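Counting with our numbering, you get residues 891 to 963 for the letters of the sequence shown.
Reading through the structure tokens given below for one structure.
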Amino acid sequence: MRAAYSVLREIHKGIALPTAKDYDMQQRQFENFILFLENEGFIERVLRIDTFFSLNPARLTKKGQAFLENTIT
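Below, the structure is given as structure tokens:
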């Protein structure tokens, strides 16, 4: 869950959005990971239009915020 914590922290900070390259993943693998986080209720508002994917409007849910607060790095 270290990658999940890192992605959630980056989205929460909003300074630099995470990318597939940051986590040594292929783009499709990263998109599936983000979809997993969204389906599990940690993030919301991930933008998908056809093949376009963006985390710009994404934000943490209360569950995502609680995960960050309760996880020690």
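Virtual Cβ for every residue (Gly too), placed ideally from N, Cα, C.
Remember, it's a predicted structure, so these values are computed and weren't measured experimentally.
Check                                                                                                                                      : Outcome
Let me confirm a value: A979 is counted as buried when at least 16 other C-beta atoms fall within 10 Å, else exposed. Which label applies? : Nothing can be reported for residue 979: it is not among the residues displayed for the chain, which extend from 891 to 963.
Just how far apart, CA to CA, sit I939 and E900?                                                                                           : 22 Å
DSSP three-state call for L950: helix, strand or coil?                                                                                     : strand
Just checking my contact of I962 with L945 at CB under 8 Å: how many whole Å lie between their CB atoms?                                   : So it is not a contact: roughly 25 Å between Cβ atoms.
In whole angstroms, give me the CA-to-CA distance for P908 and Y895.                                                                       : 12 Å
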